[in-house]
Every structure is written in C-alpha cells, then in structure tokens.
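Participant: Below is the structure I would like to discuss, written out as structure tokens.
Chains as they are written, first to last, in this note's numbering: chain Y, 1 to 431; chain R, 1 to 431.
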C-alpha cells in the first residue's frame, strides 16, 4: 500500500510535536504515512522541528487544495477563518481531515461532516477533546454496543490547574491565574478557558457522540470558575468536598441536558482526585457501567499523540464517521430542562452580628430546605464573615427563592454564591 | 449491507448478558447483526435469555463450521478443549472470532492469529482483558502512534475484591475468600485468581500489543496474594501504602520484563484507589504520557459490552489485527531480567524479646540497606509480634541476603515476607 501523504496546517506547539513524532524513527507513523507539506504564517520563525524538507504554503486552504495531499491536519484553531476554509477545501475534494479544533467541530461539525460524507472523506478530531485521552474513540467505538446515559468530565486543564493550585497553595484566583499565564497554561485573555467556553465546546462534541445526537453547542448551560474563591475551596474542603469545573451531559426520556459549571465533589468521587492539568471523563452506559479515562489534557505530546492515533486509523482504513454514525442517523434531541432537585452549596458573606445564623436558617426552613452541614469559620480577611452550608436534596427553585430572601437581609454584604453538589458515583447512573 | 450472522458458543453469565443486549431494542447491535445460532452443553437448562429462537448446537465446533455463520463468539473458556476447537474451526474457514477467553489467547494467540491471517478472518478479544474496560483497543489504536514503555494494571477483580475487603472489614484472607466464593466472585478452586495466573494471562496479552511482541506467557513471573496477611495490610496502611496485586510489564533496551505480584502502592498512586472488583490499567507511552483506564473488570454487563464492541468493529469493517500488527511484524522480544534495584517492604514475625530490633537492623546495615520506615505494633494475635519496614532504594540481591540472614535468627519464628514498593507515578516512565 502506498503511504498516506499528509499536509500539516499550523506549526505551533502541537504541530511541532507532530513533526517531532514523525521524525522519531521508532514511531509507527513512518510505516504508513509521510508529511509532504506544511502551512504556517511565518516561514522564517524558528520551530521545534526542521520544516525545510516540506513544501511550504502560506495559505492553508491552498495547501488543502493540492491533489497530492491525502490528509490535511488542521492545527490552526478558531471556529471560522483560515481553519474552516482549509478544512472545507480538503473535505470538498475528498481529502481526509484530522483536526484538534474543538471550536470548529462544536460550531460547524454538522456541515463539515456533511461535506465529508458527500465526498467520501473522513473527518476525525480525537485531539479536539481531552488532549491525549482517547475519549472520542472510546465513545464512538468502545461503548458502541451500549446505551450511554451520562458523561461527566474535567475537560479544561487550565481551570483544573487553577483550582488545584488555589487549594494546594492557598493563593487567590487572580494570583494563580497570573502565574498560569506566565507559564503558558493560560491565555492572555483567559475568558475561553475560565469562562467555561472551551469545556462547553468539548462537551457538545462528546454528547453528540455519546447520545447519537447532532452537536448542539447553543444548548450547553455555561458557568465559569471566576466566582470561586479561596474561601469556597477551603470551607468546601472542611465539609468533605473538592471544587472542580465539571462538564456534564445526561440523556433522559425528556431529552439531553448539558452544562459546564463549578461543582462540589465528595473526595471519593472518581473525578475528585484529578489534579493539575489532567483531563478525565466518566462515561456511564448500560450494561458496561461506569468507565473512567484519565490523562494529560493538553500540550505538545498528548495532543500530537491523538492526532497520530487518528492518522493511524486513516492509514489502516478503520476510521469511523465523524460523530460515530452517518449524519442522517443522528437525532435532533429535545433539550431537557435542568435537573429540578439536587444538593446545593451556598456561600453568604455577612456582617458579624448576632442573629445572622438564625436569620439564614429561618429563610431556608421557610422553603422546607434541610441543611446537611453548616460552617462558619474565621478564614476570610476583611469585615465580612463567610457562612457556607450544604443542603440535603431539595428543589432548585426553592433554593433560588431562599437565596433571594437571604440576599435581601441587611446583614448580607455580597451577592450569595450557589454551586451544585455533584451526584456521588453511586447515584451517577443513566436513567 | 446485509447483517452479520452471529453464533454464540457458551451461554453462561456473559453469553446470557450478550443475548440480553441483543434483545434490547435500544441497542445498536440490531442495525448491524443478528444472532442465528447458539451452542451450550445443556439445551434444557433455564437461562437469563430465551434461546428457543436460535439454532442449537451441542458441539460448538459444529456450530463454528456452519457456512452461514459470519462470526463465532466464543464464551466457553479454557486454553484448550472445545473452546480451541471451535475457534480454530471458525478461523480456518474465514469466519471471524470474538472471544473473552484470556487463557486461550495468552497460550495459543500466535497460532490462532496465524490461522486468521491465512483465511482473512479477524480474531478479536477485547473481553478477554479488563472486562468492560477497553484496554485492548486503547493499546492497539489509541496509542498506535506512540512508543509504550510500560503498562501496569489491576487485572484480577477477585484478588482486588479480597484485598479491599480485608482492608475495609479487618477480616482474614480465608474468611473473605469464603465469602467471595459464596457470592460468586471467586471460583471453588480459587488458584487461577488468587495465584495470579488469570492476571498473568491478561498481562501477556496486553504486553504483546503494547510492545509489538509475540505474547510470551511463560515469561511472566507470577506471585499470588496467598501470603498477604491482615497484618501486612494494616501496617502497610500505617506507613502510607495500600497492597494490590499488580500486573506490570516494561519494555527497555534490554527486552521485556513482566510480572504479577502483590506490591505496596503509595496512597496517591493512580492504582491505589481502585477498589473492589474494579479493574484498571495505566499505560505509559511517549509522547502521550500516562493514560489511565478504569471500569468494572468482570461480570455479565461489562464483558458482554466488550464483546459487543468487537462485534460492532466487525460490522463496521474497522477491526484491526489480533495483536495490532500482522504477526510477521511482531518481534520476539528478549526477556529482560527483573529490575535490580527498588524499594522493598519486609515483614518479620518475631518472639517478643529484647534486642530483636537491633539484630534485624544490624543485618540490614551489613548489606548497606537504609531503612525508610520501621514499625512494630501490637496488631497480631498469638505469641509472635510483627515487625515491618520499608527500605530506601537498594539492590534486590542485598535484600535477599539480608532476609536470609535475619531468617536464621532464632527469634524469627516464621519465614519473612518481602513485597516490592511500586514505583510512584512520577517515576513510572518508559525508558
């Protein structure tokens, strides 16, 4: 069999890592394929790998149009612009595409998969979700005979790094974020990561595959980690919980519900001990039960490895459909309402005056909310004192009413903060 | 495309689970395949699923010979006998085989893969290793572009259940084993599980795929959990370790080294918190880093799910070679010697007399072994007292000499017990 001819668009960290992997004599990539062309904006920039042996294209779409390129690897990024143009050009003429671009796939996945199906090309994106962790393949192929009921993951390494660092060093969100930016773990504009948008892109992709539905990014409820304070992390810890940004999707008879939000996880939850920049996914499917996948969620090596895995699938002719099934068989799932009942964590910043605890607990009792644990400790600097509590299982609407009533108390000096308590592993079952 | 016609040989727990999955209207199996025949010894026996609709064969090899069966699912078990006969019959005539039989694959994998290659059939065995956890596919396909340096896993649910129960309930090995037998978690003759042989079969298969070598069961060094006592579990716990049966393979320039043995894991080791009957695998490969896979390691649902995943790969025409590569490209790896240096746990049962600690520590010092932690506690019933210690990194041969010298002391009343301390996650790197 002749070798697959690969063109690589985008020569940043991941592109460099991929070229290094191709240059490694012990890699199996050689047996099956070769890089013939590359595209990046600046030909002269020094890079981790020598690119002088490859044909050079300043325009990735021009490279994607070359008839002698069998696979375009798109590592440019961004939901639109040159990345989309290059991918569309390749798929239209029947060339395969391997991409690490979660924004592109979450936003335009359906139209790109349609182009691929029309021309007989494959569109693969293992590297778009979970870095080196084979989440896409696991959902497409390993649980292919099962019914997936829920997926829950830690899908953004930047947020997980920040939360882990805050907990282990006792430093503030802003402080840790600045360091993460210096070390290259966070972008200069960190909104995409800390706002939860990057995790939402990944969740929309995973849910499409897991539940056999069209990707529906607009339906993901998104809340970032910006309001999580050191106080929350410390006091939640005293109550037996760790705070993580959780991306969760569930399929029920009512439809699909997806959200990204900070949540409290009991220490024995399978995702509670995923630290630093690791990514992890828990899949709950019948009859296999709960499967957990953990690994490095970003960076040169892990992401290049996932690109290489897709390339090997193409070279060995075993690549499946973009979302696991032909587009025509993907359902348009109704959007399910968020869960009506659950356990919640509430944080109030109050003036240190007699009767505060009584006032708060009265408002909760009025809404028939039972308190599971209640904690007031002198951990905060400044005039206000934090009071945090977790509820027993109760109606979300009741919590919203109670919090509104408590916020109206004169003694409450900041808007209250509410986070859900993630269902425990045992309760984490498909419906 | 016409549907794949499947024959199922063996209608025990897993076979029943598979037929239930076929009977589930929401499963995708229907779209692609149908069960047309079954084989089991006793037609009349009541089963979890109704089998009256399928053709019946008392002899699985006879079923495997039927020209209208495209895939034979072998769930009989055993390295030889009817299982082997049925699998050979199918592969010879070009019918695919999906099997959960680790003994068969570890023992006869090469000759069976050769039959498959000769006839153009596929031989798949995701269900043979790790129950529902897709370890085989991950190694074959997801790290296909990487170089795997080491795999380490908890591959036997029975052993893991026994060790977990001993720790959490404080009951003895014999006591917990009896219960496990009553609950069906352990066989009447538990040797295959507690002796480490089942885990060794699985390890030989995983190492073949991970390192691109022929499976070499005879080369796995095997030690079971029979000598692990409650005292070991408790005192290791006080020193910050948990005891697990670890199956580990490593590929170095010197060859492949494989062993199954009880070992001490620091609480933060990725395998330390895998409890009960769960299975887990940690793969260390460059450049992806460390990947961890966790799930239920046995039983009806998980194993049937892995069989279904292989069937879907056949139906969607994406099944790879038995061991990931054509046989001709699998290497005959030299057998590497066991690691020369490491940290060790030593347990001595001694008479409670003055000078014991001095006598032991002198013998260790004589071999230049530094003690990392040392513990004597009154946890044992009877006249003898346990003394346990962990060493700093030292030569294995020195430990063997010191232990021999200590065993010769009159005050030592039982043969000493030595377990390795598993390298920490950070040290767990491919060479």
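C-beta: ideal position from N, C-alpha, C; glycine also.
Just how far apart, CA to CA, sit residue 200/Y and residue 233/R?
Facilitator: Cα to Cα, residue 200/Y sits roughly 43 Å from residue 233/R.
Participant: Among residues of its own chain, excluding the 5 on either side of residue 125/Y, which ones have a beta-carbon nearer than 6 Å to its beta-carbon?
Facilitator: Excluding positions up to five away in sequence, the list reads 99, 105.
Participant: Can you tell me which of the three DSSP states residue 274/R falls into?
Facilitator: Residue state, collapsed to three classes: coil.
Participant: So what does DSSP say about residue 257/Y, is it helix, strand or coil?
Facilitator: The answer is strand: DSSP assigns residue 257/Y an E or B state.
Participant: Out of 171/Y, 237/Y, 216/Y, which has the shortest C-alpha to C-alpha gap to residue 266/Y?
Facilitator: When only C-alpha atoms are compared, the closest one is 237/Y.
Participant: Where do the N-terminal and C-terminal ends of the alpha helix (DSSP H) with residue 209/R fall, by residue?
Facilitator: Residue 209/R -> alpha helix (DSSP H) spans 197 to 211.
Participant: To the nearest angstrom, report how far apart residue 357/R and residue 389/R are at their CA atoms.
Facilitator: Each residue's Cα considered, the two are about 11 Å apart.
Participant: Look at the Cβ atom of residue 433/Y, then the Cβ atom of residue 186/Y, and state whether they are nearer than 8 Å.
Facilitator: Limits of chain Y in this structure are 1 at one end and 431 at the other, which puts residue 433/Y out of reach.
Participant: Is DSSP giving residue 101/R helix, strand or coil here?
Facilitator: Residue 101/R: coil per DSSP, three-state reduction.
Participant: Tell me the rounded alpha-carbon separation between residue 91/R and residue 288/Y.
Facilitator: Distance between the alpha carbons of residue 91/R and residue 288/Y: 28 Å.
Participant: State the DSSP-derived secondary structure class of residue 244/R, mapped to helix, strand or coil.
Facilitator: In this structure, residue 244/R counts as strand in the three-state DSSP scheme.
Participant: Check whether the region 382 to 399 of chain R and the region 345 to 360 of chain R are in contact - that is, three or more C-beta pairs closer than 8 Å.
Facilitator: Cβ pair count under 8 Å is three or more, so yes.
Participant: Mind listing which residues of the region 12 to 45 of chain Y have their C-beta closer than 8 Å to chain R's C-betas, in chain order?
Facilitator: Flagged, chain order: 17, 20, 21, 24, 26, 27, 28, 29.
Participant: DSSP three-state label for residue 394/Y, please.
Facilitator: Three-state DSSP puts residue 394/Y in a strand.
Participant: Consult DSSP for residue 74/R and reduce its assignment to one of helix, strand or coil.
Facilitator: Three-state DSSP puts residue 74/R in a strand.
Participant: If you count every other CB in all the chains shown that lies within 10 Å of the CB of residue 290/R, and 16 or more means buried, which is it?
Facilitator: It counts as buried.
Participant: What are the residues in the region 291 to 303 of chain R lying within 8 Å of chain Y by C-beta distance?
Facilitator: Here the close residues are 291, 292, 293, 294, 295, 296, 300, 301, 302.
Participant: Mind pulling the chain R residues with CB within less than 8 Å of residue 312/Y?
Facilitator: Chain R residues near residue 312/Y: 141, 144, 145.
Participant: Kindly list, in the order they appear in chain R, the residues whose Cβ is closer than 9 Å to that of residue 157/Y.
Facilitator: Here the premise fails: no neighbours, minimum Cβ distance about 12 Å.
Participant: Give me the Cα-Cα distance between residue 87/R and residue 119/R, rounded to the nearest whole angstrom.
Facilitator: In a straight line, the C-alpha of residue 87/R is about 13 Å away from that of residue 119/R.
Participant: If the criterion is Cβ atoms closer than 8 Å, does the pair residue 143/R and residue 251/Y meet it?
Facilitator: Their beta carbons are not under 8 Å apart, which means residue 143/R does not touch residue 251/Y by this criterion.
Participant: Measuring straight from C-alpha to C-alpha, what distance separates residue 81/R and residue 254/R?
Facilitator: Approximately 37 Å, taken between the alpha carbons.
Participant: Could you run through the region 270 to 292 of chain Y and flag, in chain order, every residue whose CB is less than 8 Å away from some CB of chain R?
Facilitator: Those residues of the region 270 to 292 of chain Y that come within reach of chain R (Cβ to Cβ, closer than 8 Å) are 270, 273, 285, 286, 287, 288, 289, 290, 291, 292.
Participant: Near residue 413/R, what residues of its chain come up, given a Cβ to Cβ distance below 7 Å and the 5 sequence neighbours on each side ignored?
Facilitator: These residues qualify, in order along the chain: 349, 350, 351, 384.
Participant: What is the C-beta distance between residue 110/Y and residue 215/Y, in whole angstroms, given that I count them as a contact (C-beta under 8 Å)?
Facilitator: Contact flag correct, Cβ pair sits at about 7 Å.
Participant: Mind checking who residue 264/R pairs with in its DSSP beta bridge?
Facilitator: 243/R, 421/R.
Participant: List the residues of chain R that residue 138/Y touches, going by C-beta distances under 7 Å, in chain order.
Facilitator: Chain R residues near residue 138/Y: 134.
Participant: Kindly indicate which three-state DSSP category residue 80/Y falls into: helix, strand or coil?
Facilitator: In this structure, residue 80/Y counts as coil in the three-state DSSP scheme.
Participant: May I have the straight-line CA-CA distance separating residue 453/R from residue 146/Y, to the nearest angstrom?
Facilitator: In this structure chain R extends from 1 to 431, so residue 453/R is not present and cannot be described.
Participant: Once you ignore the five residues that flank residue 164/R on each side, which residues in its own chain have a CB closer than 7 Å to its CB?
Facilitator: Here the set comprises 275, 276.
Participant: To which residues does DSSP link residue 33/Y through a beta bridge?
Facilitator: Its beta-bridge partners are 4/Y.
Participant: Per the contact definition of three or more C-beta pairs closer than 8 Å, is the region 403 to 410 of chain Y in contact with the region 59 to 72 of chain R?
Facilitator: Output reads no: the region 403 to 410 of chain Y does not touch the region 59 to 72 of chain R.
Participant: Is it buried or exposed, residue 40/Y, if we count other Cβ atoms within 10 angstroms and call 16 or more buried?
Facilitator: It is buried - the Cβ of residue 40/Y has at least 16 other Cβ atoms within 10 Å.
Participant: By how many angstroms is the C-alpha of residue 230/Y removed from the C-alpha of residue 171/Y?
Facilitator: Straight-line Cα distance between these residues: approximately 7 Å.
Participant: Within its chain, find whatever has a CB closer than 6 Å to the CB of residue 75/Y; leave out the 5 residues flanking it on each side and keep chain order.
Facilitator: 10, 14, 15, 100.
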